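Novice: In the numbering used here, the protein residues as written are 6 to 262.
Heads up, the beta-carbon is just placed ideally off N, CA and C, and yes, glycines get one too.
Model, not experiment: these values are computed from the prediction.
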């Protein structure tokens, strides 16, 4: 499962900015964030270690949304390598240009041979006839090369189109996962602040991730440590066989569906 600590503004799943709506060809669908429309949580200035360790229903639901989005994304058709697709486009352009050039030479030779004046220059006419035969043979090869290049490009384009269509079909799930991931980053940062303010910090937090003064990129390390611990609690909070009983009032799909 992808780590929700990724704070990049770009969505890992669909490559778009982490906004609250997605535009697709079938229309505009608004996907609210997990806590959109809810009042801000009024937490006490300081929270006990027990309160920080406890995972609530809302957080568990956010993790489930991220899990589902990652599962859907992992099932998407693999995209063709961008360099292969670019090379296929280039090869098709070259093959098409070569075939067109040969056809132009054939038409020019045929026009010259059709002129009655060509019989006044027998040697030149004979050279045109020989060149025309060579160009016609080359045209067959050029047509085969162009068709093969077109088939390769079509296969790669078809794969890319299938992936695009799949992601568009599941854009609601992917957008919900993106929003949930953003909410989890905020929640994890709140937990980090809470653990840092404790006088009796847990050993995994106090000694496992170092300190901002001595550890490069301490915030990333802290997010990773907190996320791993929260993730390990998920199945204890909501057993898989009960995952489908989450309240409908949360406005999201049931995890079992």
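By the three-class DSSP mapping on this structure, what secondary structure does residue 93 have?
Specialist: Helix, per DSSP.
Novice: Residue 214 to residue 201, Cα distance in whole Å?
Specialist: Looking at the two C-alpha atoms, the distance is approximately 11 Å.
Novice: Counting pairs of beta carbons, one from the region 67-76 and one from the region 150-165, are three or more of them closer than 8 Å?
Specialist: Segments in contact, no.
Novice: Residues in its own chain within less than 7 Å of residue 51 by CB, not counting five upstream and five downstream?
Specialist: Here the set comprises 202.
Novice: With a Cβ-Cβ cutoff of 8 Å, do residue 100 and residue 144 count as a contact?
Specialist: Cβ atoms of residue 100 and residue 144: not closer than 8 Å.
Novice: Please identify the residue among 117, 66, 198 whose C-alpha is closest to the C-alpha of residue 184.
Specialist: When each option's Cα is compared against that of residue 184, the closest is 66.
Novice: Can you name, in chain order, every residue of its own chain whose Cβ lies under 7 Å from the Cβ of residue 171, other than the five neighbours on each side?
Specialist: Correct list, in chain order: 81, 82.
Novice: Whole angstroms is fine: what's the gap from residue 186's alpha carbon to residue 173's?
Specialist: So the two alpha carbons sit approximately 19 Å from each other.
Novice: If you draw a straight line from the alpha carbon of residue 126 to that of residue 118, how long is it in whole angstroms?
Specialist: Whole-angstrom Cα-Cα distance: 11 Å.
Novice: For residue 167, which of 134, 85, 137, 95 has the nearest alpha-carbon?
Specialist: Residue 85 is the option with its Cα nearest to residue 167.
Novice: What are the boundary residues of the alpha helix (DSSP H) that includes residue 72?
Specialist: Note, residue 72: alpha helix (DSSP H), 62-79.
Novice: For a test of the three-state rule: what should DSSP assign to residue 103, helix, strand or coil?
Specialist: Residue 103 falls in the helix class under three-state DSSP.
Novice: Determine whether the beta carbon atoms of residue 137 and residue 115 lie at a separation below 8 Å.
Specialist: Yes, they are a contact pair.
Novice: Note the first and the last residue of the continuous alpha helix (DSSP H) segment covering residue 131.
Specialist: It spans 127-174 - the alpha helix (DSSP H) in which residue 131 sits, taken as one unbroken run.
Novice: Can you tell me the Cα-Cα spacing of residue 191 and residue 97, whole angstroms?
Specialist: Cα-Cα distance, rounded: 49 Å.
Novice: Which stretch, first to last residue, makes up the alpha helix (DSSP H) that contains residue 211?
Specialist: Per DSSP, residue 211 belongs to the alpha helix (DSSP H) from 208-211.
Novice: Taking the alpha-carbon positions, what's the residue 188 to residue 163 distance?
Specialist: The straight-line gap from Cα to Cα measures roughly 35 Å.
Novice: Please work out which residues of its chain come closer than 6 Å, Cβ to Cβ, to residue 53, disregarding the five sequence neighbours upstream and downstream, and give them in chain order.
Specialist: The answer is none, since no qualifying residue turns up.
Novice: Less than 8 Å separating the beta-carbons of residue 234 and residue 68?
Specialist: It is not a contact, given that the beta carbons lie outside the stated cut-off.
Novice: In this structure, how does DSSP classify residue 116 when only helix, strand and coil are distinguished?
Specialist: Looking at residue 116 - three-state DSSP - the assignment turns out to be helix.
Novice: Count the other CB atoms within 10 Å of the CB of residue 198; is the residue buried (16 or more) or exposed (fewer)?
Specialist: Result: exposed.
Novice: Using a Cβ-Cβ cut-off of 6 Å (strictly less than) and excluding sequence neighbours within five positions of residue 130, which residues of its own chain qualify?
Specialist: Result list for residue 130: 123, in chain order.
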